[in-house]
Every structure is written in structure tokens, then in C-alpha cells.
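Have a look at the structure below, then the notes.
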Amino acid sequence: MSDHFLRRATGAALPFLIWAAHFGFCYIVAAAQCTPGGWRPAGPNPWLLGAVTLAALAVCAWIGIAAHTRLQASSRKEFTDYVAGVGAVLSIIAIVWTGIPVLLVRGCA
Amino acid sequence: MTTRDADMHDSLPSPLPRPPLELTRLEEVWETPRGWRFFKSVNNTNIGLLYIGTAILFFILAGILALIMRVQLAVPDNDLVAASTYNQIFTMHGTVMMFLFAIPIVEAIAVYLLPNMLGARDLPFPRLSAYAFWCYAFGGLAFFCTLFWGLAPDGGWFMYPPLTGMKYSPGLNADFWLLGIGFIEISAIAGAIELIVGILFTRAPGMTLRRMPVYAWAMLVVGVMIVIAFPAVIAGTALLELERAFNMPIFEAERGGDPLIWQHLFWFFGHPEVYIIFLPAAGMISTMIPTIAQNRLVGRNVIVVALVGVGIFSFGLWAHHMFTSGLGTLEMTLISAASMAVAIPTGIQVFGWIATLWSGRVTMNAPTLFMLGFMFIFVLGGLTGVMVAVVPFDWQVHDTYFIVAHLHYVLIGGMVFPVFAAIYYWIPLINGNTLSEKWARPIFWLLFGGFNISFFPMHITGLFGMPRRVYTYSHEMGWDWLNMISTVGSFLFALGILGMIVDAVRTLRRPTKEVGNPWNAATLEWLPSEDYGNRSIPKITSSDPLWDQPTLSQEVADARHYLPNTATGRRETIATSPASAKPSYLMILPGDSWLTVLGAFGTAGFFLLLTVKAMVLAFICGVIAIGSIIAWLWQSDRSVPQREVDIGGGITLPVGAVGTASHSWWGTFIMLVVIGLIYSSFAYVYIHTSMRLQICPPPGASLPDAIWTWLNVGLLLGGSALVWLSDRVKSSLTPWLLVAALVCTTAAFGVDVHGWKLVHLDGTKDAWSASIAILLGFQGVMLFVLLLAAPYLCIRAWRRLIKPENRATRDNIALIWHYVTLQGIAGVLVVRGLLLVME
Chain A
49 MSDHFLRRAT GAALPFLIWA AHFGFCYIVA AAQCTPGGWR PAGPNPWLLG AVTLAALAVC
109 AWIGIAAHTR LQASSRKEFT DYVAGVGAVL SIIAIVWTGI PVLLVRGCA
Chain B
5 MTTRDADMHD SLPSPLPRPP LELTRLEEVW ETPRGWRFFK SVNNTNIGLL YIGTAILFFI
65 LAGILALIMR VQLAVPDNDL VAASTYNQIF TMHGTVMMFL FAIPIVEAIA VYLLPNMLGA
125 RDLPFPRLSA YAFWCYAFGG LAFFCTLFWG LAPDGGWFMY PPLTGMKYSP GLNADFWLLG
185 IGFIEISAIA GAIELIVGIL FTRAPGMTLR RMPVYAWAML VVGVMIVIAF PAVIAGTALL
245 ELERAFNMPI FEAERGGDPL IWQHLFWFFG HPEVYIIFLP AAGMISTMIP TIAQNRLVGR
305 NVIVVALVGV GIFSFGLWAH HMFTSGLGTL EMTLISAASM AVAIPTGIQV FGWIATLWSG
365 RVTMNAPTLF MLGFMFIFVL GGLTGVMVAV VPFDWQVHDT YFIVAHLHYV LIGGMVFPVF
425 AAIYYWIPLI NGNTLSEKWA RPIFWLLFGG FNISFFPMHI TGLFGMPRRV YTYSHEMGWD
485 WLNMISTVGS FLFALGILGM IVDAVRTLRR PTKEVGNPWN AATLEWLPSE DYGNRSIPKI
545 TSSDPLWDQP TLSQEVADAR HYLPNTATGR RETIATSPAS AKPSYLMILP GDSWLTVLGA
605 FGTAGFFLLL TVKAMVLAFI CGVIAIGSII AWLWQSDRSV PQREVDIGGG ITLPVGAVGT
665 ASHSWWGTFI MLVVIGLIYS SFAYVYIHTS MRLQICPPPG ASLPDAIWTW LNVGLLLGGS
725 ALVWLSDRVK SSLTPWLLVA ALVCTTAAFG VDVHGWKLVH LDGTKDAWSA SIAILLGFQG
785 VMLFVLLLAA PYLCIRAWRR LIKPENRATR DNIALIWHYV TLQGIAGVLV VRGLLLVME
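Residue numbers (the numbering used here), protein chains in the order written: chain A, 49 to 157; chain B, 5 to 843.
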């Protein structure tokens, strides 16, 4: 595509994609560690999931700050930066929200 | 693009007089056939009207089924309808409403509105739209008629196995659902491809992403959601049909299968589906509210981001339909949290609408009434949605009438009321007449009142314990009066629908008059428009163009903007760059054809006759379908005498584009994403069944020797390499290299099958073996596609139809080929890699 649409669209949607990756990873680990094929006696590993949650939050925060900085610095406001910035805020809320169960829930059943 | 003028904006509107016969030629090229030939029309505006009409027909039919159910439930111990008939009626009501009304009508309205709203003459693949519509119309009507023969599906609209497996549903009823709905979903995907590529490629020059109408944003998000969500249910329906027809036990617990696989696949589609029908409605609301309030949309940019957010978050909610199925605690809690998180971007939109109304000057007309009705009902549905996202509450009300109430508040409130508002708002586009404001008020109150009288009591009926889908109940349960109230409400609602239909028919029969801009709207669909769309394609400088460019309408009608003619003597529109909407090439569009109708007839016939096991007739229909599609493709990707054309405004554009710059390449790419996700769903089934085993592979099963795998991978890569090479040698050698590539890819599949045969893979033995057989079979299906595509490409090469400027066919088939290679290698990695990880 002539104006790097795919790259720009992916950059703008990146916070949401990070939320999706975080959510998918947590769900898959929770499911896998409670089935015979990937059994973990104590249930899903909270340290692993907690670390991934913090990493996802950090990346979203970084994307949001970077987008905000670009919007402040440039006279020509890129819509994709705006989407990335607001998307980062929404994604951080959603990751915190889906991260709370990781802190609170133990075991499989 | 070459620009003679450094700043193309300055040269528009063009002051030059237009040639005398220009308009006549434009009208001839785009003329809609009259009489019965109208049905061969492929223009999206015409197809959109047929599509909307057919969807409304299904809404009425499914509504009649709902009334029959309400009469049956009005009093206790009623015997108006037998239990088995009632099962078919509620299954058909849900199925028809969701698959034949809700999804089609949102796509239909988009197909009708978007070309004009984007300022395009038409979307890029009008024949694909026509084919999708006719598949839906033929297939949907035949599917509905099964009800009259007692053959309608009866397992509920989400068709859970094991109830729908061969053991408990031995008749053809379930097969009609699986094959009928399975292929109708293909038409939804075809529509999504048209919408995505259309929105990205055919926006008016200057309509950047920021200026794009919010409705177009909503449909872009929805198109992507369809592409991601629908493959899961297509895979699910294929798996259940394979289990029923060929005894492949994917969902059978006794042989290592798991009925929950169906639930995961179905709801991975089914929950985003709710948003697939809500987001277009939200987009319509965001388009209508600024007009109604004569005020710019408050928080427009945030609303656009919220649309994207809702679209993505909605994929994390599928399992909240499965809280009582025995999922792990953490999985349920994650899903519960995501279900609440999605309320935030949804709430942003609602507050944006309220703020726009609050700060504007609202005219209390028919669209306004229906939009206010939507907000009231949808917010209530959303609140009960948050309630059922709380796991312990869901356990109490699961499969009760509380859920029936909730889902109707969400679906009727979130989608049907906005569609009614949209009908009132956009119906003047058809013949210039508006629906009666006098009639609108009683109609609205019948619909709004009838809806709430019918569905609000169901919350209480559910809390009193009435399960959904029961065909009757005893007086002792104490549900009589609540059910009677619901029945009365449903008839009031039906009366409102009847009034609306009568008014619509009256309005459409009135003489045509000039459309104008009756609501003083800001979007481009209110520009003067004919069969060819706008007289000239407008240059946009604002997100509310008709408000900020007050002379635009006259300038466009006076042919003073871009492409005021047919530059090549064929149907065409301007392709613009996806982000910044700069003119990039002239897109040639196909003309009207019966081939799309014939192809759809063949496709529908193939699937439906396959269901009743009329194999010979099904085969004939399959040949008709494939033949029609090949004939239709044969006419495409042809040269025109002009290599470059002047579109006005000092801009000269190339005719057509190649490679990734071409809309055709992106259409193929999206189709391959769909296919890849279907394959991923099958791969998920393999992983799911493997993970549930104590020992994997299960006793008696094993992987083939590695030599067969390496040989398979080597031959696949060899095939792709030959295809790559075929584009870089003398054109006379191209067909021979393609033949060699086909031999390689076919041999790869043969080697793979041989390897599995040596270890006695038996797809009927257990679910693990079945999942591998299905992965293998799907690779075979893709090989079949190449067996058709490669000779087709060779013949085109021999006929010298592949040229530097006409290489879309070649590029697309190469893309498919490389995908098949990638799919084969991915299959090897998944099957072998998982076992390594599990060790």
C-alpha cells in the first residue's frame, strides 16, 4: 500500500493488540496448566502471569507516552498517534481489570 | 499519481465547460437494467436494496415464529404447538434472526450506503457483493422452507453437541443448519471483504482516516471482526458435520473428543457477533445524531477509538456464555473481567451521543424518537449484561428467561431500534420521499411500549425460574400472568411493525422526487446521485463536508470535481491511498452479469442437495458454481487501451495497479486470512484434544517417520520456489514452471498422506486421530483449489492475457500458492511441535 497503511494501522492498534496478547496468554496458561497435558499441581502460575501483566502494562504506558510526546511535539497531528494514545489508556484499564483475577484466584477448580 | 499542479486543491472546482456527450456516455455505462434484467445488476446500490428487502423479509418471517411461540406460552399447559414443532420454531427463530436478518441487514445497509457516503461510484468488487447476496437469498429461502417439511433444525440456535450429534439428532434437521448456515456465512465474509477493501481504497480524495465518517469506521471494524470471528464457526460447523457424516468423533467424549470444543468455537464467533451487529448500529447513530442535533459529534475521535476498542475487547468475552460448563476458576474470572472492561469503550460512545444531543438543538422527529428508544433499551440491556458477567449471578439465571430478556434488550435495543431510526432517516435516498411523521409517533410507541411490555416481565419470569426453550409449563409454577403480559406486548410490537411496513410501502409507491438534503446532514450520501453515483467525485476537506463545504453539492452536480466522465468507456472509480486518501489509480469495475446469479444458484444447490444426499444433482450444481465463477473471473483483469487518464484537478492517474498496491491483491489476502483462521481453528482442536490426553499420542497411534515430513516440507517449498521463478523467466516458460510447481505441491500432499497411512491413521478411531485427519483434509481442499487455479493461470498465460499491467490473476494465484505452502509447514510445526512441548 502506498502510504504504509498496514504499518501505521498496526502501530495505532498496538495497545489493543497487547491487551489481546496479554489476555490470550493468561487464558491459555490458565487453561493449559489445569489440563493433563500441561498440569501444574498448584494451578496456574501467578508469578508468570503477574510478570506478564506488568510487562503488558509497561509497554502500553510506553506507547501512550510516546504517542502523547509526538502529538505535543508535532504541528501536524497524526490521527494514528491519537488512536495509539487513547487506545493505550483504554488498554491499560482493561489489562489492570483482567490482571486483578491473577492476583486473587488460586488453583484450578 | 502525477500532478501537473503542485497543489491539486487549488484547481478544483474546475471552471472548464464539460463536453456535450460526456453525461450521456456516463449514464449508458452505468445504466441499471430494467424489468427482469434488473436481477443481473451488480451495482452495490441496487444490490443493497435487494439485500435490505430480503433481510426485512426474514425479519418478518422470524417474527411470525416468535408470535407463534408467544401464543403457545400465553397460558399454561397449552397444546397449540407440539414439543417437537416448538423446538424447530425456537431454533429457526434464533437462527433466522441472527444469521438471515441481523448480520445481513447490517451488511446490506453498508453496501447500499457506503459507495455514496465515501464518494465512490461503487465499491471494488460489485460482482462479489451480488454473488454474496444471491447465495444468501437462495440459501436462506431454501433453509427457511425446511420448516414446512418438518426438517428444520431443532437443537437451539447454537446447536450444542452432543444433543446435535448423530446419536440424539439422527434426522436431517441438524445437517440443514450445519450446511445451510455454514455456507451463508461465506456470503457474510464475501460482504466483509468488499466492505474492508472498499473503505480502504475507494474513499473520495481528501477523506483521510480522521475525516472518514464514523459509520465507515464502524463498518471497517466490523469487516475485520467478521474476518476474524466467522472462521471459527465455519470450522465448528464443518467439524460437527464431519462427525455426523463420517463418524469423526471430535465432540464425542467417549472417544477422546470434547463437546466444549464446539462451545469455544461457536462463542468465539457468537459473542463478537453481538458486537458485529451492534457496532454498525452505533456507527449509524453516530452519523444520525449530529444531524438530528445540528451539532458536531462530541468526542468524535474518542468515539472512533472506542469503536476499535470494543471490536478488539469483544473477542475476550466468548466464554462468558460458558460459565456453567465447568471452566476453571481463573479462566472464568478473566472472562468476567473482560466482560466488564468492554463496558468502558461502549460507555464512551453513549456519553458522546448524550453530550452531542445535550449541546445541540434537537428536533424531535421520527429518527430522534427511535434513537432515544435505542438508548433507553440498550442501556438496560447493557446493565443486565454486566449483571450476567458476574459469575455467581450468571449461575443463577443461566438458561432462564432472564437471559432471554437480556439478549433481546441488547439485540432489539442495540440493533433493531437503530435500524428503524436508519430506515426513517435514509429512506428518502430511494425516491426522495420521507416516511410519515404523523404515523411515526403511534408506530414508535407501539414498538417501544410493546417491546418493554413483552420483554421486561421476562426478567422476572427468569428470576422465578422459568427455563428458556420449554414449550409449556404448569399453572403451579406461577408464571401465567407474566407470560400473558409478554404475549400481549409481543402483539403490540407486531402491530407497530405492521404499521411501519404499510407506511414504507406507501412511501415507496409515491412518485419519485428530488432527494435533496432533507435533514441538513453533513455526510456525502446526500449529494445528488444517480446510477453512476455522483456526477463527479468530490474533493473533501472536512469530516463534515456538506456543512463545511456549502457549495460542494452544486459543484459536484456541475461536474466540477474529479472524474466527471468515464475515462476508459467502462465502469470505474478513483482508488485512493488507504490512510491519506490521495488519488492513486483508476479502478476499473466489472459490469452487470447473470454469472453471479448462476454461481450463487449453483453454490446454494450444491450445499443444500448435499444435505439431502442427492449427490449427482449436488455435483452438477457444484460444477455450475465453479464454472460460473471461472467464467466471471475470466472476464476480469483485462487491458484497456488507456494506460493513464486525466481525472481533472490537474491529476493524471495510471489505469489499474499491480501487487500490493492493487485492491485485488488485498481482497485475496483477506480471503487467505479467513482460510488461515479456519485452519487455525482446526489446529486449536488438535491442541485441545492432545492436551486432554494423559498420554499423547494416545495408545495405538503415532507420528509418521520424520523422513515423510521433511519430504513434504521440501516439496512444498520447491513448489513455491517454482511459482516465484515462473514470474522471472520468459513468458513462454511460465506455464511449464507452473505445471512443475503443481506436481511438487501435489506430491507433497501425497507424501504427507502416505506417511500417515504407514502409521495407520484412522480418523474415526479417536478425536486425536480425527483432528489430524481434518488438518490433512483441509490441506487437500487447498490443493484442490490449486488444481483449478494452476491450469486456469496456464491457459491465461498461453492466451497472452498476463501482461505487466494485467497481472492480478498471476499475483493472486501466487499468493494463494505461497499460503498453501505456509499452511502445510504450519501444520507440521503444530502437530510435531506440540508433542515436543508436552514432553
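Cβ coordinates follow ideal geometry from the N, Cα and C atoms, glycine included.
- Among the bridge pairs identified by DSSP, TYR589 (chain B) is matched with B:ALA579.
- No Cβ of chain B is located within less than 7 Å of the beta carbon of TRP87 (chain A).
- Where PRO658 (chain B) is concerned, the enclosing beta strand (DSSP E) starts and stops at 655-658.
- With contacts defined as CB atoms closer than 7 Å, PRO587 (chain B) and PRO209 (chain B) qualify as a contacting pair.
- In this structure, DSSP gives ILE679 (chain B) a helical state, which the three-state scheme calls helix.
- Scanning its chain for C-beta atoms nearer than 8 Å, with the 5 sequence neighbours on each side dropped, one finds around ILE434 (chain B) the residues LEU53, LEU512, in chain order.
- The Cβ atoms of ALA286 (chain B) and ALA222 (chain B) lie closer than 7 Å to each other.
- The criterion of a C-beta distance shorter than 7 Å is satisfied by PHE421 (chain B) and GLY377 (chain B).
- Nearest in C-alpha terms to PRO284 (chain B), of all of B:GLU111, B:SER724, B:GLY436, B:GLY453, is B:GLU111.
- Short of 8 Å from the beta carbon of TYR130 (chain A), and not among the five residues preceding or following it, lie these beta carbons of its own chain, in chain order: ALA115, LEU119.
- With respect to chain A, the C-beta atom of VAL309 (chain B) has a partner C-beta closer than 7 Å.
- With respect to chain B, the C-beta atom of TRP95 (chain A) has no partner C-beta closer than 7 Å.
- DSSP places ASP507 (chain B) inside the alpha helix (DSSP H), whose first and last residues are 484-513.
- Put simply, the backbone Cα of PRO253 (chain B) is about 18 Å away from that of GLN698 (chain B).
- Residue state for VAL649 (chain B) is assigned as strand, using DSSP reduced to three classes.
- Residue state for LYS171 (chain B) is assigned as coil, using DSSP reduced to three classes.
- Residue environment analysis places TRP760 (chain B) among the buried positions, since at least 16 neighbouring C-beta atoms fall within 10 angstroms of its C-beta.
- In this structure SER340 (chain B) is in contact with VAL394 (chain B), their Cβ atoms being roughly 7 Å apart against a cut-off of 8 Å.
- When secondary structure is reduced to three states using DSSP, THR206 (chain B) falls in the coil class, being assigned neither helix nor strand.
- Closer than 7 Å to the CB of CYS74 (chain A) there is at least one CB belonging to chain B.
- Taking a beta-carbon distance threshold of 7 Å, TRP145 (chain A) counts as an interface residue toward chain B.
- For THR58 (chain A), not one C-beta of chain B is nearer than 7 Å to its own C-beta.
- Just measuring C-alpha positions, the residue of B:LEU334, B:GLY261, B:LEU176, B:ALA579 sitting nearest GLY155 (chain A) is B:LEU334.
- Between GLY135 (chain A) and chain B, the shortest Cβ-Cβ separation is below 7 Å.
- Closer than 7 Å to the CB of THR83 (chain A) there is at least one CB belonging to chain B.
- Nearest C-alpha to GLY364 (chain B) among B:ASN810, B:ALA310, B:THR295, B:ARG304: B:THR295.
- In terms of beta-carbon proximity, ILE316 (chain B) lines the interface with chain A, with at least one pair separated by less than 7 Å.
- The beta carbon of ARG300 (chain B) is closer than 7 Å to those of PRO294, ASP548 in its chain, skipping five residues each way along the sequence.
- THR168 (chain B) sits away from GLY175 (chain B), with the two beta carbons spaced by 7 Å or more.
- Chain-ordered listing is empty here: chain B has no CB closer than 7 Å to the CB of ILE111 (chain A), the nearest sitting near 13 Å.
- Here the alpha carbon of LEU720 (chain B) sits roughly 56 Å from the alpha carbon of ALA86 (chain B).
- Residue pairing by DSSP places GLU534 (chain B) opposite B:GLY537 in a beta bridge.
- In this structure, DSSP gives ASN810 (chain B) an extended state, which the three-state scheme calls strand.
- A contact is defined here as three or more CB-CB pairs under 8 Å, and the stretch 514-521 of chain B fails this definition with respect to the stretch 262-277 of chain B.
- Here the alpha carbon of ALA66 (chain B) sits roughly 14 Å from the alpha carbon of PHE152 (chain B).
- Using a Cβ-Cβ distance cut-off of 8 Å, the stretch 106-115 of chain A and the stretch 74-82 of chain A are not in contact, since fewer than three pairs of beta carbons, one from each stretch, lie closer than that value.
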